[in-house]
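J.: Residue numbers (the numbering used here): 4 to 507.
Below you will find the structure I want to go over with you.
As structure tokens, then:
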């Protein structure tokens, strides 16, 4: 089986239902299947490849989904590349992935075209032909669920992106459990926020296909203009959102629901960063009956491995638990001795199961370092993924996110989690959002915040909750925190603010 089974089943059950739409286009399930068959036939005829990468210059549109399905049906895997990225970044990704071709949805710039040496195929040309049922059947009969489906390129510490390679099996193992856990069905209308080269979008796309639901691709501009975003949610009758934390904070930070509360929304899931409780409580105020879920998991384990359904009240200084593993996934939190942590201890989150990626494409060294034998099992091979994320086991028996391995600092003789400082900064009256960095050279904690209080007012409130050594040394009051394309706080951009100081 492959994810194409989802598409075929939904196309048979809901042929005339709109599967995916954007502000200028839409596609029904029957048309999506027909487009995929046509694109797959063209790719098979032209390249005769199996399990090879095909890059897609994506945009936030229906056409990108058509291409993904066509590539999957051709028994190759897609590599989504956002054309809004700098050309140098695109070039680095292509050098790392070495795709057999690039599919352009009429969006290849002259600058990119000038140095690309691999075949470029226009989307319109792929759709110009006809599907070959015999050829498609031959390819389909050779497919395996362990075939790669997509590769998403994440940042690498050396500056070279890592292509996280995910199989059909991993997606098909996760998506049914994901949908059943939260009660998704064919009535859902997903409001897509995540770019298609960010794995949060995988939950949107394949939950839609699995359930026979619909997905509206919300324009990027809406997330910088909350009124437009609220209108988009209402007009398109969005029922379910699976967003980055920063996207929810944008809405809550400007109180976008004060004048209009979209009436259809009833399931709100979020991931990517620690959710400030103050922002969460604003959303819960407007949606007291909605399902709220805190999700955790890196790209390498196919979206998420832990979830926490929010079923109680939280104070602004609280943290949300990470929750429990999804079915058929196992999560270990191991200390430096590779032993399960005890109460109060902090350890690294490690994940086991069919959710694990196939590895990093064309990068055996990084793969071997991150995907390792489970140290608790010396009886048979059992791979686990070391996430690099740290969690603490509380007295309640619940795990709480602590920090990235590289987000721990040593300051004034104390080991500090910057995430803890951020929790209390976000709880300060009048602060909408905050983030911290550490200047190792000057041994100073640097805080950035959006809000009305002065530096001194923030410090006075922090003194009530934090020891002196944890109070930031430098403060920047900013109009907004920079957000990267995946909807997370852009810490590199924060560093550039620090290099040109303008303290609060």
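Where is the CB? At the ideal position from N, CA and C, for every residue including glycine.
Starting from residue 57, trace the beta strand (DSSP E) both ways and give me its first and last residue.
T.: Counting along the chain, the beta strand (DSSP E) containing residue 57 begins and ends at 56 to 61.
J.: If we ignore side chains and look at the alpha-carbon of each, how far apart do residue 497 and residue 171 end up?
T.: 37 Å
J.: Taking residue 428 as the reference, which of 458, 403, 408 has the closest Cα?
T.: 458
J.: Output yes or no for whether 8 Å exceeds the beta carbon distance between residue 39 and residue 4.
T.: no
J.: Taking Cβ positions, are residue 209 and residue 32 nearer each other than 8 Å?
T.: no
J.: Can you tell me which of the three DSSP states residue 346 falls into?
T.: coil
J.: Does DSSP put residue 225 in a helix, in a strand, or in coil?
T.: helix
J.: Does the separation of the CB atoms of residue 327 and residue 394 fall below 8 Å?
T.: Between residue 327 and residue 394, the C-beta spacing is not below 8 Å.
J.: Quick one: what's got a C-beta closer than 8 Å to residue 269's C-beta in the same chain, skipping five residues either side?
T.: Cβ neighbours of residue 269 beyond the five flanking positions: 242, 243, 290, 292, 293, 294.
J.: Does DSSP classify residue 92 as helix, strand or coil?
T.: helix
J.: Which one of 483, 465, 484 has the shortest CA to CA distance from residue 475?
T.: 465
J.: Is it true that the segment 263 to 282 meets the segment 116 to 124, where meeting means three or more beta-carbon pairs spaced less than 8 Å apart?
T.: no
J.: Whole angstroms are fine: how far does the CA of residue 211 sit from the CA of residue 22?
T.: Cα-Cα distance, rounded: 7 Å.
J.: Check the DSSP bridge columns for residue 246 and list the partner residues they point to.
T.: 273
J.: Among 80, 436, 86, which has the Cα closest to the Cα of residue 109?
T.: 86
J.: Rounding to the nearest angstrom, what Cα-Cα distance links residue 160 and residue 104 in this structure?
T.: Low local confidence applies: a pLDDT of 49 at residue 160 is under 50, so the model's placement there is unreliable, with the coordinate-based value given in what follows. For residue 160 and residue 104, the distance between alpha carbons rounds to 27 Å.
J.: Measure how close the beta-carbons of residue 552 and residue 79 come, nearest whole angstrom, since I'm counting them as under 8 Å.
T.: Residue 552 falls outside the range modelled here, since the chain spans only 4 to 507, and no answer is possible.
J.: Put residue 49 into one of helix, strand or coil per three-state DSSP.
T.: helix
J.: How is residue 279 classed by DSSP in three states: helix, strand or coil?
T.: coil
J.: Give me whichever residues DSSP pairs with residue 77 in a beta bridge.
T.: BP columns for residue 77 are empty, so no partner.
J.: With C-beta atoms as the reference, is residue 30 less than 8 Å away from residue 256?
T.: In this structure, residue 256 does not lie closer than 8 Å to residue 30 by Cβ.
J.: Short check: CB of residue 478 to CB of residue 500, under 8 Å?
T.: no
J.: Going by beta carbon distance, what residues of the same chain come within less than 6 Å of residue 153, once the five residues before and after it are set aside?
T.: So the qualifying residues of the chain are 80, 81, 169.
J.: Less than 8 Å between the CB atoms is what I'm expecting for residue 354 and residue 308, so what's the real figure, rounded?
T.: 5 Å
J.: For residue 373, does the three-state DSSP call read helix, strand or coil?
T.: helix
J.: My output table needs one value for residue 154: the three-state DSSP class, helix, strand or coil.
T.: In the structure shown, residue 154 sits in a strand (DSSP, three-state: E or B).
J.: Provide the residue(s) that pair with residue 440 in DSSP beta bridges, ordered along the chain.
T.: Paired residue(s): 449.
J.: For the alpha helix (DSSP H) containing residue 499, list its first residue and its last residue.
T.: 494 to 502
J.: From this set, 377, 311, 317, which residue's C-alpha is nearest residue 336's C-alpha?
T.: 377
J.: So residue 302 packs on residue 155, CB below 8 Å; how close in whole Å?
T.: 6 Å
J.: Taking the beta strand (DSSP E) that residue 203 belongs to, which residues open and close that run?
T.: Note, residue 203: premise wrong, no beta strand (DSSP E); alpha helix (DSSP H) at 203 to 214.
J.: Measuring straight from C-alpha to C-alpha, what distance separates residue 272 and residue 203?
T.: 11 Å
J.: Enumerate, from N- to C-terminal direction, the unbroken beta strand (DSSP E) stretches of 3 or more residues contained entirely within the segment 298 to 349.
T.: 309 to 312, 332 to 337
J.: In chain order, which beta strand (DSSP E) runs of at least 3 residues are fully inside the segment 98 to 171?
T.: 104 to 107, 123 to 125, 151 to 157, 165 to 170
J.: Check the Cβ-Cβ distances between residue 181 and every residue of chain D, and say whether any is below 8 Å.
T.: Of the protein chains in the structure, only one exists, and it is not chain D.
J.: What residue range does the alpha helix (DSSP H) around residue 8 cover?
T.: 7 to 16
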